[in-house]
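If you read the sequences in order, they're chains P and W.
Counting along the first sequence from 1, when you hit position 76 you're at 76 in our numbering, and nothing is skipped either side.
Heads up, our numbering is the position in the second sequence plus 1000, with the first residue counted as 1.
In what follows, a single structure is set out as structure tokens and then discussed.
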Amino acid sequence: MGIQLSDEVISLLNDLNSNKALATVDETGTPNVVHSDSIHVDDDGNINYLEILETSRTNHNLVRSIWFDRTVSVVVSGADSKSFQIKGIPITVHITGPIFQKHYLDIRKRLGDVDLTGVWVIEPHEVIDENIINRKNEEEAKRPFFRHLDRLAKI
Amino acid sequence: MSLALTETFERELSLIDVVAKYPEVPRLIIVKIDAQRRGVYYTDRALSVVDPNIHMVSDTTARELFGGRDDENKSLPISLLLRDGTSVIVTPTPLEQNPYLVDLVDGRLALVDNDEVIEFVELWRKPRYYDLKTSSGIPMSQVLSARPQRLSLVLSNYCHFWTDNKGCLYCDSNRDSKKLKKEIGLPRVKPKDISETVREALKEEGRFSTFCITSGSVLAGNELFDKEVDLYIEALQAIGENFTTKKFPSQMVATAFNEKQLRRLYNETGIMSYTSDLEVLHEDKFQWICPGKADNVGYQGWKQRVIRAVDIFGRGNVASGFVGGVELAKPYGFTREDEALRSTLEEAESLAESGVPAFFVVWVPRAGSIFHDQQAPSLDYYVQLALGLHQLRVKYNLTIDFDDYRRCGNHPDTDLSRTL
């Protein structure tokens, strides 16, 4: 089942200055990662990814994901070392209709003479805080054995 | 549901069984096949949210080739979209024939079977040009029909093979042509009407990605089919006026033309792909099911014409369609599904070897066809057929870009090929 993204994550995903990437896997499990400025959160709280190419590996992997309920990952990072990974499942792709046509116009206005093959809708299932300080503190609290002794030594 | 039909469906594997049997085939495509095979019935609740100002409904004036499973010509949604972008071109079907229901569930339209939601669906959206008229006063919706991403021109519903009562036995286009003419008085569209309609359609950015042109076969001319070729050229040149490039993404679904005719079509128009349907991939059964095609061109002649078209249009730009399942029609069809499948895929492979991918439509025994009282084969059969045809495309490195999930949407096997 999908989860609701926090305002902080939504804000970061919708920030044009954030770095965003989408990771998918092919039928053999080989990963594929692409950077994309188009990743954003829609009014329903799902993540949207605009795919320009019908034959891209990402598009093919997303098709397999929606067909076989496979998970994809979105990573977003911004200022102040904020970074999150969101795992989710593609639940819809708009290849026609008002949402598709709106994004078709927008992306052409932004990037020039490009096409649009689909607006992928990814339902978020899990959010992982990837800020390294937060991750370190969390791990040390939960798994205190995973530290080198010299870090605890009296100098 | 009739007792005979109930018994038949009870003997078959169910949707759940077939989904479990073929984990390598997407459930969504299996759902599509079954909805096409069994048809749909729109509940009153579903129809209450259909808005003809927004959705494409069969307003009884659109130029589509085929009719339904009953004799009614009601205003119903044209077709459905699944969440993966797959179109489900469905046939309205009376309740007694065991169709899926399209119902309203939690405010959304859904395919429902035995009170269970199978998938939520969306309706096709009406393009803007449907509200306009050409300068000669013809509603543009009567000039070109639309699919989610395709513009379609049916030059004529009338197929001249019917003149000698030799139309294909599964086909109702002739009956539908007479009916449309009688009930609606469909006007004959001129090239100017076509050109104006295309111009308006292209103003809606992102709405269309291909053009499909087709017609019933026309036998007249100095050489057989010359008149049909002339009609296509005239229409395609009118369409082409609206593009900056000579060639534009397009498909012609037409009779098997000779090489000279094909060269004229390719050289004088912007058409990019050519499809000529063998209809049934077996010579003897073609002879029985498609007597007009058999008498005028013959199975081997038809096949060779399609193969030769690859030299003109290029590999990946020629295909042949067939009506999946009619090879099992009674009384002269295959009596066993496994034999029918083996034979059909063998013949499809012989086409693929020559660079021609074969694809199928799910056979719908239509009310106006000679096969109206027959029944399509099992869901299991269709899933194996779709998978087999897709695997041939993989084996022979063949694409089917001009007739895929987006540019057509009526072939389960080409839906599978969207990851090629």
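Even glycine gets a Cβ: it sits at the ideal position worked out from N, Cα and C.
Please read these numbers as outputs of a predicted model, since none were measured by experiment.
Short CB-CB distance (under 8 Å) between residue i and chain P
i: E1200 (chain W); result: no
i: D1338 (chain W); result: no
i: P1077 (chain W); result: no
i: T1414 (chain W); result: no
i: Q1149 (chain W); result: yes
i: L1028 (chain W); result: yes
i: R1108 (chain W); result: no
Environment of residue i [buried if 16+ CB atoms lie within 10 Å]
i: R1037 (chain W); result: buried
i: I1016 (chain W); result: exposed
i: A1352 (chain W); result: buried
i: R1063 (chain W); result: For R1063 (chain W), the predicted model reports a pLDDT of 46, less than 50, meaning its position is unreliable; a value from the coordinates is still stated below. With 16 or more other Cβ atoms within 10 Å, it is buried.
i: Q4 (chain P); result: exposed
i: L105 (chain P); result: exposed
i: Y1158 (chain W); result: buried
i: P98 (chain P); result: exposed
i: Q1300 (chain W); result: exposed
i: G1137 (chain W); result: exposed
i: P1052 (chain W); result: exposed
i: N1114 (chain W); result: exposed
i: S1141 (chain W); result: buried
i: K136 (chain P); result: exposed
i: M1 (chain P); result: exposed
i: R1418 (chain W); result: buried
i: N1397 (chain W); result: exposed
i: N1475 (chain W); result: With chain W represented from 1001 up to 1420, any question about residue 1475 (chain W) goes unanswered, as that position is not in the structure.
i: S1075 (chain W); result: exposed
i: Y1200 (chain W); result: First, the amino acid is wrong: residue 1200 (chain W) is Glu here, not Tyr. Buried: at least 16 other Cβ atoms inside 10 Å.
i: N1317 (chain W); result: buried
i: T55 (chain P); result: exposed
i: I1054 (chain W); result: exposed
i: I155 (chain P); result: exposed
i: D7 (chain P); result: exposed
i: N152 (chain P); result: For clarity, residue 152 (chain P) is Leu in the given sequence; the question names Asn instead. Its Cβ having fewer than 16 others within 10 Å, L152 (chain P) is exposed.
i: R1305 (chain W); result: buried
Test: residue i CB closer than 8 Å to a CB of chain W
i: I52 (chain P); result: no
i: V63 (chain P); result: yes
i: G112 (chain P); result: no
i: T24 (chain P); result: no
i: G2 (chain P); result: no
Strand pairing of residue i, partner residues [DSSP]
i: E1122 (chain W); result: W:L1081
i: M1252 (chain W); result: W:I1213, W:Y1274
i: H94 (chain P); result: P:V119
i: A1146 (chain W); result: W:L1151
i: P1092 (chain W); result: W:V1040
i: S18 (chain P); result: According to DSSP, S18 (chain P) bridges with nothing at all.
i: H1055 (chain W); result: W:R1125
i: I86 (chain P); result: P:V74, P:V127
i: E1116 (chain W); result: W:D1113
i: R1463 (chain W); result: This structure cannot settle anything about residue 1463 (chain W), because the visible part of chain W is limited to 1001 through 1420.
i: P1139 (chain W); result: W:K1133
i: A1235 (chain W); result: Paired residue(s): none; A1235 (chain W) is not in a bridge.
Chain-ordered chain W contacts of residue i [CB-CB under 7 Å]
i: V93 (chain P); result: D1084, G1085
Amino acids of chain P, ordered along the chain, whose beta-carbon sits closer than 9 Å to that of residue i
i: E1205 (chain W); result: Q101, Y104, L105, R108
Beta-carbon neighbours of residue i, restricted to chain P and to distances below 7 Å
i: Q1374 (chain W); result: By Cβ distance, chain P contributes nothing, its closest Cβ being about 32 Å from Q1374 (chain W), past 7 Å.
i: R1315 (chain W); result: Within 7 Å Cβ-Cβ: nothing; R1315 (chain W) doesn't reach chain P, min ~17 Å.
i: T1419 (chain W); result: H60, V63, R64
i: R1406 (chain W); result: I95
Under 9 Å by beta carbon: chain W residues contacting residue i
i: L116 (chain P); result: G1206
Interface partners of residue i on chain W, CB under 8 Å
i: F68 (chain P); result: P1026
Within chain P, the residues that residue i reaches when beta carbons sit closer than 8 Å
i: R1125 (chain W); result: T96, G97, P98
My parser needs the beta strand (DSSP E) runs of 3 or more residues fully inside the segment 33-62 of chain P; what are they? 47-51, all fully within the segment 33-62 of chain P.
Go through the segment 1271-1357 of chain W residue by residue and report every complete run of the alpha helix (DSSP H) that reaches 4 residues or more, in order. With a minimum length of 4 residues, the continuous alpha helix (DSSP H) runs that stay inside the segment 1271-1357 of chain W are 1283-1289, 1291-1296, 1299-1313, 1337-1353.
Note down, one range per segment and in chain order, each beta strand (DSSP E) of at least 3 residues found wholly within the segment 1355-1407 of chain W. For the segment 1355-1407 of chain W, the full-length beta strand (DSSP E) segments reaching 3 residues or more read 1358-1362 along the chain.
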